[in-house]
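J.: Protein chains in written order, with my numbering: chain A, 1 to 412; chain B, 1 to 82. The C-beta atom is built at its ideal place from N, Cα and C for all residues, glycine as well.
(1) Please list the partners that residue 298 (chain A) has in chain B, where partner means a Cβ-to-Cβ separation under 8 Å.
(2) Shortest alpha-carbon distance to residue 408 (chain A) belongs to which of A:285, A:165, A:220?
(3) Go ahead and label residue 304 (chain A) buried or exposed: buried means 16 or more other beta carbons lie within 10 angstroms of its beta carbon, across all protein chains shown.
(4) Could you give the residue range of the alpha helix (DSSP H) that holds residue 171 (chain A)?
(5) For residue 55 (chain A), which of A:42, A:20, A:177 has the nearest alpha-carbon?
(6) What ranges does the alpha helix (DSSP H) occupy inside the region 185-231 of chain A, keeping only unbroken runs of at least 4 residues that lie completely in it?
(7) Could you check the C-alpha separation between residue 82 (chain A) and residue 372 (chain A) for me, to the nearest Å?
(8) Report the start-end ranges of each alpha helix (DSSP H) in the region 261-290 of chain A that is 4 residues or longer and not cut off at the edges.
(9) Which of helix, strand or coil does DSSP assign to residue 13 (chain A)?
(10) Can you tell me which of the three DSSP states residue 58 (chain A) falls into?
(11) Using the Cβ count rule (16 or more neighbours within 10 Å means buried), how would you classify residue 255 (chain A)?
(12) Would you call the region 1-14 of chain B and the region 321-340 of chain A in contact, with 3 or more CB pairs under 8 Å?
(13) Can you tell me whether residue 179 (chain A) is buried or exposed, with buried defined as 16 or more other CB within 10 angstroms of its CB?
(14) Using a Cβ-Cβ distance under 9 Å, would residue 16 (chain B) count as near chain A?
(15) To the nearest whole angstrom, what separates the beta carbons of residue 170 (chain A) and residue 161 (chain A), a pair I think is in contact under 8 Å?
(16) Say the cut is 8 Å; is the CB of residue 75 (chain B) nearer than that to a heavy atom of the ligand FMN?
(17) Can a CB atom of chain A be found closer than 9 Å to the CB of residue 78 (chain B)?
(18) Would you kindly work out how many angstroms separate the C-alpha atoms of residue 3 (chain B) and residue 128 (chain A), rounded to a whole number?
(19) Does the beta carbon of residue 28 (chain B) sit closer than 9 Å to a beta carbon anywhere in chain A?
(20) Does the count of Cβ pairs from the region 212-222 of chain A and the region 141-148 of chain A closer than 8 Å reach three?
(21) Please determine, among A:41, A:22, A:18, the residue with the shortest C-alpha to C-alpha distance to residue 34 (chain A).
(22) Please list the partners that residue 130 (chain A) has in chain B, where partner means a Cβ-to-Cβ separation under 8 Å.
(23) Report the neighbours of residue 46 (chain B) on chain A: residues whose CB is nearer than 8 Å to its CB, in chain order.
(24) By DSSP, does residue 405 (chain A) sit in helix, in strand, or in coil?
(25) Would you kindly report the start and end of the unbroken alpha helix (DSSP H) that includes residue 79 (chain A)?
(26) Closest Cβ-Cβ distance between residue 78 (chain A) and chain B: below 9 Å?
(27) At a Cβ threshold of 9 Å, is residue 36 (chain B) touching chain A?
(28) Could you give the C-beta distance for residue 234 (chain A) and residue 53 (chain A), rounded to a whole number, given that I count them as a contact under 8 Å?
(29) If we define contact as Cβ-Cβ less than 9 Å, is residue 82 (chain B) a contact residue for chain A?
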C-alpha cells in the first residue's frame, strides 16, 4: 500500500492572544502580546507573576453537569476541537467515526484538578474527596472527551513529551493516516497549568522570565540580548488531519499539506537542549518531506527565550540551512508564551496560517541584538505579502524529545 | 429537614435535571443520572446532612433508596451514645 498524503482541513485554537484562528493570527501579526500579570489570587506570592492566560468563560459552552467532569485543559481541548471540526466541514457518518483517531499532547493534564484535590486532602484534611478527580485529572481525559463527544472509535492516544507533546501528537497522527490506520484524525494539544504549585516548581528551575515591571506584556524576549527566560501559558490547538483522497472526494477546503515530520531524542541531558539532536530532527523532517532546506520559506522557532535555548537553536538552524541563511525565523512564544504540551500545536497552526495569509508573524520584544543570535528573527513587526509556501515548526523539549513538522501550500 | 426533598434537590443540581423529574421510585439510571453523578451526590450528602456514607457498597438504585439510607444514617448519628 502506498503511503497516503495527509492534509490539514480544519484548525481551532484557544490561546492568550485569541480564541479563534482569525483573532489569533491577527494578534500575532500585530505583535500583540497576551502575556499579563497573573489574575489568580495567589499571584502575589509568586516571583514569576506573569503568564499567558486564556480569557474564556467555560459556562458559555458547557452545561453545569458537563463541566463537573472537565478540567480546564479538557475544556480547552474540546473548544479547539469543535472549532477545527466545524472549520473542516467534516460530517461523521458511522464509517468515518470508525476510522477517525484522536491524538492529544499534554504535559500535565488535569493540573488544576490535582492541585485542588491535594488542597482538600492536605490542607483541609478531608477524609473523602470528589469522585471526579481521577477522570478529570488523568492525562488522557481530553482525548477521551473528544472521542466520546464525536463518537470517534479510532485509537485515542495521549502523548506527553513536555514541550514537544503536541508536535509528536500531530506527527504520529500524520503517520497513522499515511499508513492507512485511520482516514482522519483530530490532533493537537491542550494545557492548563497556571497553578500555584506548578509555577512554584518552575520558579525553582530558575528558567522563568523576570517580570518586566514597566511592560509585563514584554517579559518574553526570544533571541534578544536582554532575554531572561520563558513565560508559562495555557491554551489548546487542534487540527483536523485527513487522507488527501478522502478530502478531495468530499470537496474539502484544504489549508495545507503536512509533508514532513522528524522526531528524535538528544540522548544527552534532561533539561539542557542538544545541538546535534535539533539538527537531526530538522534534517529528518526535510528528508521526510523530500525537500531541500532552501525550499523552506519560514521557520516558527521553538524560541522559548531561555539563555541557552535560543543560542543552541540558532546554531542548529545555521547548520541545517547554512550559516549565512536569511530565512525568516520567529518565535511566537514572545506573544502567546510557552503553552507546554499545547505549544507545538498552536505554533503549527500559526505556521499554516502564515501560508494561508502570505504573512510571517514577528518575534515581539526584540529590543537588543544578541551577537550569538544573528538570524533574521522578523523583529517586532509582522510581514505581509510574502510568498510563504513551505513552513517548518520546531519543538525541542525537556527530556530531549525533539519534533519538527513541515507543511506546504496545497496545489498551485 | 425533609430528607427526600433535599436529596432530590441535590441530585437535580448534580445531574442538571429538574427536581420534579426525579420520581422517587424510578431507577436513577433511567432518569439520566449516571453512576459517577451518584458518587458525587453521596459526597454532597455527607456535607449537607453531616453523615458519613458507609464504605460498604449499599445498593442505591432509586432516589427513595438514598433518602432511606440518609434517614438511617442521621438516626444512627443522633442515637449514638455520648
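T.: Put simply:
(1) Within 8 Å Cβ-Cβ: nothing; residue 298 (chain A) doesn't reach chain B, min ~46 Å.
(2) A:285
(3) With 16 or more other Cβ atoms within 10 Å, it is buried.
(4) 165-178
(5) A:20
(6) DSSP runs (the alpha helix (DSSP H)) wholly in the region 185-231 of chain A: 196-204.
(7) So the two alpha carbons sit approximately 42 Å from each other.
(8) 275-289
(9) strand
(10) helix
(11) buried
(12) no
(13) exposed
(14) yes
(15) Distance from residue 170 (chain A) to residue 161 (chain A) at the Cβ level is roughly 12 Å; contact not present, criterion being Cβ atoms closer than 8 Å.
(16) In the structure shown, the ligand FMN is absent, as is every other ligand, since no ligand is present at all.
(17) no
(18) 22 Å
(19) no
(20) no
(21) Closest by alpha carbon: A:18.
(22) 40, 43
(23) Result: 128.
(24) strand
(25) 72-88
(26) Cβ-Cβ to chain B under 9 Å: no for residue 78 (chain A).
(27) yes
(28) Confirmed, Cβ separation roughly 6 Å.
(29) Its pLDDT being 45, under 50, residue 82 (chain B) is placed unreliably by the model, and the measurement read from it follows with that caveat. Taking Cβ atoms only, chain A never reaches closer than 9 Å to residue 82 (chain B), which makes this a no.
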